[in-house]
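Below: one structure, written as structure tokens.
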Amino acid sequence: MDMRISSAACNSSVIRFGGLLQKTFPRRIKYGKDDFRRNLSICTTSQTSSKISLTVQSPTCTAFSSPADVPQRSDEWFALRKDKLTTSTFSTALGFWKGTRRSELWHEKVFASESQIIQAAQRNAMAWGMLNESVAVEKYTKITGREVTTMGFAVHSKQSYDWLGASPDGVLGTGILEVKCPYNKGKPETGLPWSTMPFYYMPQVQGQMEIMDFDWVDLYCWTPNGSTIFRVVRDRGYWDIIHGVLREFWWENVVPAREALLLGCEEDVQSYKPASTHKLTGLAIAKSIKLASESKLLCREIADGVTRGSPDHASIRRIFKDHFCVMKSRFSSYIGIQDSLFAEFVAAMQGTKLATNVLIASLEASQSVG
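Going left to right, the sequence shown walks through residues 1 to 370 as UniProt numbering numbers them.
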């Protein structure tokens, strides 16, 4: 079973951070490593709780194509995303997932059709998220006292980066809100909130901060049985690593394949199909795990009881061990990680940052000689 969602061209709410949106066909552009700061403004509407104790004033809108917000997962929203690499797909483009998901994303971007096919399991997870997102935002405002403003679709202010896009769930004055409502493998009613931040969301939230030029994100995990809030801060060094991989995926895999397709050279299209992983995938995962472990747990709410502080050390050790075992099975065959290194990692679980740094150093060394 699948569901088809039509994508129609539109001129709906798109926010360019620092400049006006221009609709252009993707083109080859030379990129540098510019370091710049941007002044931005946001076109927003408000969602707030009747019990708010602290209000954050929303910026005013100065640059947008339409004053109306685009509902996420609407026809207009899918149309706006069609020619962008969006932050929600960053982990896939980076090769974080087993199987063919990276090539499937490439196929979706190259052979963009009038409809997007969504399989049943993914459809159900999306429906669960859509059903509970407003409830989750309301709960977040009740816990934090913050005003949450909504927006449609944001693109990077610099034209050479306008192939990147983001649809954050909310803006918090000078920060971003990203809401997750886990589907819990088809049993969402019994799900519990995360005790640690899943590393595979790090590319998404760091990408949002880069596009919007903000310095922090509150990643909010909502379940019917409680919720947790993780504060993630911007890391420019991390962005330098993943941006190179994302740029290569877009400009060396997607764009030339599109051009070949337009020219009728269909036999050449498949030559641009990416591998399931990139040579920097292992390093990006290791960095993601490290940053996820450093994200601050602002509060944990279970059955309306709110506690504040960090997760217990045992939870951190457990999540690190699980993630690194996955990394070993996926990457040891080609990045030179030996069993002895993982033995050292497991032995160093009492100091998780040390273990992470050991693995990252090994990954970086393997890339420098590879």
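Glycine included, C-beta positions come from ideal geometry on N, C-alpha and C.
Since this is a predicted model, take the numbers as computed values, not measurements.
Residues Leu94, Ile241, Ile242 and Val245 of the same chain have their beta carbon placed closer than 7 Å to that of Ala284, with the five preceding and five following residues left out of the count. Rounded to whole angstroms, the separation of the alpha carbons of Phe249 and Glu259 is 15 Å. A check of alpha carbon separations from Leu177 across Asn184, Ser160, Gly186 and Val233 identifies Val233 as the nearest. Taking a cut-off of 8 Å for Cβ pairs, the stretch 196–208 and the stretch 260–269 do not touch, as fewer than three such pairs fall below it.
Contact between the stretch 124–143 and the stretch 277–295 is absent: fewer than 3 CB-CB pairs across the two stretches fall below 8 Å. Per DSSP, Arg101 is one residue of the alpha helix (DSSP H) stretching across Arg101 to Val110.
With a threshold of 16 other beta carbon atoms within 10 Å, Glu76 meets it and is buried.
Bounds of the alpha helix (DSSP H) holding Lys290 are Thr281 to Glu294. Shortest Cα-Cα distance from Val179 to any of Arg146, Leu219, Asp162 and Met212 involves Leu219.
Approximately 7 Å separates the beta-carbon atoms of Phe230 and Leu298; this is inside 8 Å, confirming the contact.
For Ser91, the CB contacts under 6 Å within the same chain, skipping 5 residues up- and downstream, are Tyr200 and Pro203 in chain order. Scanning its chain for C-beta atoms nearer than 6 Å, with the 5 sequence neighbours on each side dropped, one finds around Leu280 the residues Val245, in chain order.
Between Ser227 and Arg102, the gap from beta carbon to beta carbon reaches 8 Å or more. Within the model, the alpha-carbon separation for Leu192 versus Leu261 is close to 46 Å. Glu189 and Gly129 have their C-alpha atoms some 12 Å from each other. Taken in chain order, the complete alpha helix (DSSP H) segments of 4 residues or longer contained in the stretch 191–227 are 202–212. Here Val245 carries a helix assignment [DSSP, helix/strand/coil].
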